[in-house]
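Residue numbers (this note's numbering): 1 to 186. Worksheet: one structure, shown below.
Rendered as structure tokens:
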């Protein structure tokens, strides 16, 4: 593969096997990226955005790995450990793509004050913006569905207050509802 010349600084000589091995790995990575891209173009909604995050992570990891383990050593610069920076960013993007199963449910949980992992909490805003850009019709449908569910809960609570509480005025009911559902209003 490669002959290690200086173990302390990780300097090595590259031979033909190393070139073939790197080309083999790049070939399979490019095929994987191509497959994910095709799937992303066909899919819709949250799944499309999740595949986009996985795709960007794969492209970043491929570029950082090839630059730091192949091209720079050809120029005499031996810093393969720096490829881990690109891999770290890629892993974060993959994590976002994998954990963001339903962006509107996560948004609802955040508003309700329920526990949401910090990576989902941070990525939720960007994820929803990407969803609005990549699949606007699905975004509008899911956003309308989420708002309809909130409105339904408000109407049910208002009906319960009006029928069970007796003589509550409209203003008192509105105040009670705004305290309960105020976090849903911008």
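All residues carry an ideal CB built from backbone N, CA and C; glycine is no exception. Only a predicted model underlies this, so the values are computations on that prediction, with no experimental measurement involved.
C-alpha distance - residue 32 paired with residue 79, whole-angstrom precision: Here residue 32 refers to the residue found at position 32 when the chain shown is read from its first residue. Here residue 79 refers to the residue found at position 79 when the chain shown is read from its first residue. One C-alpha to the other measures close to 26 Å.
Which partner residues of residue 184 appear in the DSSP bridge assignment? Within the chain shown, residue 184 is the residue found at index 184, counting from 1. According to DSSP, residue pairing for residue 184 in a beta bridge does not occur.
Residue 12 - DSSP class collapsed to helix/strand/coil: By 1-based counting over the chain shown, the position of residue 12 is 12. Note: residue 12 maps to strand in three-state DSSP.
Using only the alpha-carbon positions, how far apart do residue 42 and residue 133 sit? On the chain shown, residue 42 is found 42 positions in, with the first residue counted as 1. On the chain shown, residue 133 is found 133 positions in, with the first residue counted as 1. Cα-Cα distance, rounded: 16 Å.
Leaving out five residues before and five after residue 152 in sequence, what residues of the same chain have Cβ atoms less than 8 Å from its Cβ? Start at 1 with the first residue of the chain shown, and residue 152 comes out as number 152. Contacts found: none.
Secondary structure of residue 135, DSSP reduced to three states: Taking the first residue of the chain shown as position 1, residue 135 is located at position 135. Secondary structure of residue 135 (DSSP, three-state): coil.
What does DSSP give as the partner residue(s) for residue 69 in the beta ladder? For the purposes of this step, residue 69 is taken as the residue at position 69 of the chain shown. Answer is none; residue 69 lacks a bridge partner.
Rounded C-alpha distance that separates residue 233 from residue 149: Shown here, the chain extends from 1 to 186; a query on residue 233 therefore has no answer.
What does the Cβ neighbour count give for residue 50, buried or exposed, with the cut at 16 atoms within 10 Å? Counting from one through the chain shown, the residue named residue 50 turns up at place 50. If you draw a 10 Å sphere on the C-beta of residue 50, you find 16 or more other C-beta atoms in it, and that means buried.
When you compare only the Cα positions, how much space is there between residue 193 and residue 28? Outside the displayed range of the chain (1 to 186) lies residue 193, so it cannot be described from this structure.
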